[in-house]
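What the sequence shown shows, in the numbering used here, is residues 1 to 369, in sequence order.
C-beta: ideal position from N, C-alpha, C; glycine also.
These notes are about the structure you will find just below.
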Amino acid sequence: MIETTVTVGTIVSRIIQLHYFFSCTFHLPMQSTNTHPLSTRYLIHPKGDFLVDSDIQTINESERVAVYTVQQPTFKRAVNAAYNSIHHKYLAKYINLLRRGEKFILLSYPISRGGNWLYLWARAATLRHHGTDKASLLYGPGMEAWTEEFPKLASITAPSSEYKFFTRRSGYFPTDIEKDISEEDLHFFIREYLLSSESFSKRLARMQNVVDESSLVINIRRGDYYSVPQINEIFGIDTVTYVEEALKKLQETVTPSKIIFVSDDLQWCEENLSHLNSVAPCIFEKQGSGMFDDLALVASAPYLILTNTTFGYWGAYIGELLTQKIVFSPDIHQLLPKDAHIYQRRPKMHRTHWVAVHHPEGKNWITGE
1 MIETTVTVGT
11 IVSRIIQLHY
21 FFSCTFHLPM
31 QSTNTHPLST
41 RYLIHPKGDF
51 LVDSDIQTIN
61 ESERVAVYTV
71 QQPTFKRAVN
81 AAYNSIHHKY
91 LAKYINLLRR
101 GEKFILLSYP
111 ISRGGNWLYL
121 WARAATLRHH
131 GTDKASLLYG
141 PGMEAWTEEF
151 PKLASITAPS
161 SEYKFFTRRS
171 GYFPTDIEKD
181 ISEEDLHFFI
191 REYLLSSESF
201 SKRLARMQNV
211 VDESSLVINI
221 RRGDYYSVPQ
231 INEIFGIDTV
241 TYVEEALKKL
251 QETVTPSKII
261 FVSDDLQWCE
271 ENLSHLNSVA
281 PCIFEKQGSG
291 MFDDLALVAS
301 APYLILTNTT
311 FGYWGAYIGE
321 LLTQKIVFSP
331 DIHQLLPKDA
341 HIYQRRPKMH
351 RTHWVAVHHP
361 EGKNWITGE
């Protein structure tokens, strides 16, 4: 009996050591069946363990993402794939048996930004609301701005000091807005954690004075979608053609009184989309000062054209509780290698009532094929 106990203990110890070795060597976060698209081909973190606080938050967001996006060597990708398979089938199951306690940590990838984090915060809030788990999103560089703007998010954000080996955790990314979170829970999260912010409520009040009942807001994501090649090949859509096609669809219902652009590159918008002045007066000047004013403006839009950005999606989700009328979105969010020629009926982050905009020639918005 003693020999058996020692043997079992040794096996468990070896499993833990192997898991720790591979996790540290290849910087592998907790795996799940639903992960960030860049995580399969690009690895992240030349600067250490992403679960530890660092000074990276002081870097411009686009630069921060670029730092994390490094193509994996072929050997590393092969080892990564082999480890993922073993981990998913065997290691995770048995190691999780050792993890106990009321705390439940949700993990995000270093390449994540505010829009991505909000899905995880929403999941944490939902689990807490239903009494399922005392869930929190693990702190990551860049979150401070969000917890300052929306103070209640801090209550569901865990510092790295709370993330221990025996802490229960999940790397699942709840991307399906229709299945992973109910409309009731989505609206609960928005009301309790976002609209409860005094600062954001003031921004909304200001932006609601910028729009009128027939204003159109166009939210265009540029930045690393077009400046970082590895990200561009997965997310870079034909923005000009898409916006023109979405506007044609809107004009079947209403002609906007004015068109207001929200973007991280308004100069590009003016240089490439000023011809839309023939439809309605276009405003390319920034309204307010910063991303939360941008979010408030997107949320305040009666008519909204989105590109494939989670930041814009959250503006649209918030807008459901305000004066929103119609939302247009591309028929694709991202391109995965195995999906190069496959269209999803509905990108998982898109609401079913949004109007999907298809390429006029039946092409893929990202590949052009």
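| query | result |
| --- | --- |
| Residue interval of the alpha helix (DSSP H) (run including Asn-372) | Outside the shown range of the chain (1 to 369) lies residue 372, about which nothing can therefore be said. |
| Nearest-angstrom Cα separation, counted from Ser-257 out to Ser-215 | 5 Å |
| Contacts around Ser-196, its chain only, beta-carbon distance under 7 Å, and the 5 residues preceding and following it disregarded | Lys-152 |
| C-beta atoms of Leu-138 and Ser-108 nearer than 8 Å | yes |
| Beta-carbon proximity of Ser-329 to Ala-356, cut-off 8 Å | yes |
| Option nearest Phe-387 by Cα separation, candidates His-129, Lys-103, His-353 and Ala-125 | This structure does not reach residue 387, given that the chain is present from 1 up to 369, and the question cannot be answered. |
| Close Cβ partners of Ala-280 (< 8 Å) along its chain, the five nearest in sequence each way excluded | Leu-216, Thr-255, Pro-256, Ser-257, Lys-258 and Ile-259 |
| Cβ contact check for the segment 237-255 and the segment 320-335: 3 or more pairs under 8 Å | yes |
| Residues sharing a beta bridge with Thr-307, DSSP | None; Thr-307 has no bridge partner. |
| Where the alpha helix (DSSP H) containing Arg-203 begins and where it ends | 198-207 |
| Boundaries (first-last residue) of the alpha helix (DSSP H) holding Tyr-356 | The residue you asked about is not Tyr; residue 356 is Ala in the sequence shown. Run containing Ala-356: none in the alpha helix (DSSP H); it sits in the beta strand (DSSP E), 355-357. |
| Residue from Asp-294, Leu-118, Lys-363 and Ser-263 with nearest C-alpha to Tyr-193 | Leu-118 |
| Start-end ranges of the alpha helix (DSSP H) lying completely within the segment 170-198, minimum 4 residues | 183-189 |
| Secondary structure of Phe-292, DSSP reduced to three states | helix |
| Coil, strand or helix - Thr-253 by DSSP | coil |
| Residue closest to Asp-293, alpha-carbon to alpha-carbon, out of Leu-273, Ile-305 and Gly-315 | Gly-315 |
| Beta-carbon spacing of Thr-167, Ser-136 below 8 Å | no |
| DSSP state of Leu-106 mapped onto helix, strand, coil | strand |
| Spatial distance of Pro-174 from Gly-290 (CA atoms) | 27 Å |
| Where Ala-135 falls: helix, strand or coil (DSSP) | strand |
| Identity of the residues DSSP links to Thr-157 by a beta bridge | Leu-137 |
| For Val-262, the three-state DSSP class (helix, strand or coil) | strand |
| Three-state secondary structure assigned by DSSP to Ser-278 | helix |
| Presumed contact (8 Å Cβ cut-off) between Leu-321 and Ile-190, rounded CB distance | 6 Å |
| Helix, strand or coil at Leu-216 according to DSSP, with G and I counted as helix | strand |
| Secondary structure of Pro-151, DSSP reduced to three states | helix |
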